[in-house]
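Residue numbers (UniProt numbering): 1 to 324.
The beta carbon of each residue, even a glycine, is placed where N, CA and C say it ideally should be.
Everything numeric in this text was worked out from a predicted model, so none of it was measured.
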């Protein structure tokens, strides 16, 4: 049973918003394309693993699955691709969807991908798993909860990938993941019943902390100041939509978009800032009538806050947190 489904990674939405909003030359930069391809591949791999885990309850009765979980541990966070709660304990599954030839170098603590004549060195997945496992156990300690046994597996989901890992253990192909879970927990007594599994699942989901964009630092910081304002037409790619009684009208394709302003505000939240004032919305939506801007913002139903200057700001974060 899935108690928390996964959504597309926030980075995918950020990159797509940047590609819509940046000048053409910047939007086509290889960095953005490569980042988007990597995140889409990772999401594809996680979805393919979900298909295999649909049969988990046959071998692990009362099991529950939590996807894309992010927990606060002190000043840090731990991100878990897939978590399975079972009677035997908790399984943390680190998912990798890679193509070409992948070599696990346990001596130098790295993973190397060979594809199309290019070599790419990546972080040691086992080191990442060890850190995630330690932080996950620390979360139980910080919340004064007894930690159940924690098992970890590295799962490769691309069936066409060639794997060179003669000296490595602790990894598995996606079709063998349930067998590997059975093997890891063999001989382990039951430590949770159905009610305890349900309660722990509820508690973990309650403590989930969604990721937010980093505007002034991080890998996309150089792009944030260069986004184009305006209400965007998804059909012709123009930013010159004007407000009419029935919606936002595009003069190029003669179409009216009722949700175009909400989409523009979502882009603002992904690329510029999590809060927006009426003045900022007026500039970004390129609409001179402040009454139209006020009604547009009020219609979204977004939470409002006031700063020390008593300027109302609208909280745009729910717009991207609801993206799937």
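Take residue i and list the residues in its own chain whose beta-carbon comes closer than 7 Å to its own, dropping the five residues that flank it on each side.
i: residue 268; result: 276, 284, 316
i: residue 325; result: Since the displayed the chain opens at 1 and closes at 324, residue 325 lies outside it and no answer follows.
i: residue 266; result: 319, 320
i: residue 243; result: 287, 292
i: residue 150; result: 89, 90, 92, 133, 136, 137
i: residue 238; result: 250, 252
i: residue 13; result: 270, 320, 323
Taking residue i as part of the beta strand (DSSP E), name the residues at either end of that continuous run.
i: residue 104; result: 101 to 105
i: residue 313; result: 312 to 315
i: residue 90; result: 90 to 96
i: residue 76; result: 76 to 85
i: residue 225; result: Element bounds for residue 225: n/a, residue is neither H nor E.
i: residue 119; result: 118 to 123
For residue i, collect the residues of the same chain with a Cβ closer than 8 Å to its Cβ; drop the 5 residues on either side in sequence, then sort them by chain order.
i: residue 290; result: 278, 282
i: residue 303; result: 314, 315, 318
i: residue 170; result: 126, 129, 152, 153, 154
i: residue 122; result: 110, 111, 112, 113
Do you know whose CA, among the options, lies nearest residue i's CA?
i: residue 199; options: 241, 270, 120, 86; result: 86
i: residue 34; options: 120, 106, 124; result: 120
i: residue 215; options: 5, 15, 1, 4; result: 15
i: residue 248; options: 296, 225, 227, 149; result: 296
i: residue 107; options: 66, 133, 99, 165; result: 165
i: residue 236; options: 254, 130, 84, 312; result: 254
i: residue 5; options: 205, 117, 146; result: 205
i: residue 210; options: 227, 76, 312; result: 76
Confirm, please, whether the CB-CB distance from residue j to residue i is below 8 Å.
i: residue 332; j: residue 71; result: No information on residue 332 is available, as it lies outside the stretch 1 to 324 that the chain covers here.
i: residue 8; j: residue 43; result: yes
i: residue 273; j: residue 232; result: no
i: residue 49; j: residue 95; result: yes
i: residue 180; j: residue 172; result: yes
i: residue 65; j: residue 1; result: yes
i: residue 3; j: residue 178; result: no
i: residue 270; j: residue 37; result: no
i: residue 97; j: residue 41; result: yes
i: residue 39; j: residue 68; result: no
i: residue 78; j: residue 175; result: no
i: residue 84; j: residue 56; result: yes
i: residue 305; j: residue 262; result: no
Residues in its own chain within less than 6 Å of residue i by CB, not counting five upstream and five downstream?
i: residue 124; result: 109, 110
i: residue 324; result: 7
i: residue 246; result: 256
i: residue 230; result: 239, 286
i: residue 82; result: 67, 93
At what residues does the alpha helix (DSSP H) containing residue i begin and finish?
i: residue 199; result: 194 to 206
i: residue 59; result: 56 to 59
i: residue 190; result: Element bounds for residue 190: n/a, residue is neither H nor E.
i: residue 231; result: Element bounds for residue 231: n/a, residue is neither H nor E.
i: residue 301; result: Neither: residue 301 is in no alpha helix (DSSP H) and is coded neither H nor E.
i: residue 162; result: Element bounds for residue 162: not the alpha helix (DSSP H) but the beta strand (DSSP E), 162 to 164.
Looking at residue i and the ligand NAP, is the gap between the Cβ and the nearest heavy atom below 7 Å?
i: residue 8; result: This structure simply doesn't include the ligand NAP, nor any ligand for that matter.
State whether the stretch 148 to 161 contacts the stretch 53 to 65, with contact taken as three or more CB pairs (one from each stretch) at a distance under 8 Å. Output reads no: the stretch 53 to 65 does not touch the stretch 148 to 161.
Using 8 Å as the cut-off, can you tell me whether the stretch 133 to 153 makes contact with the stretch 20 to 28, which would need three or more C-beta pairs spanning the two stretches below that distance? By the Cβ test, the stretch 133 to 153 is not in contact with the stretch 20 to 28, since fewer than three Cβ pairs between them sit closer than 8 Å.
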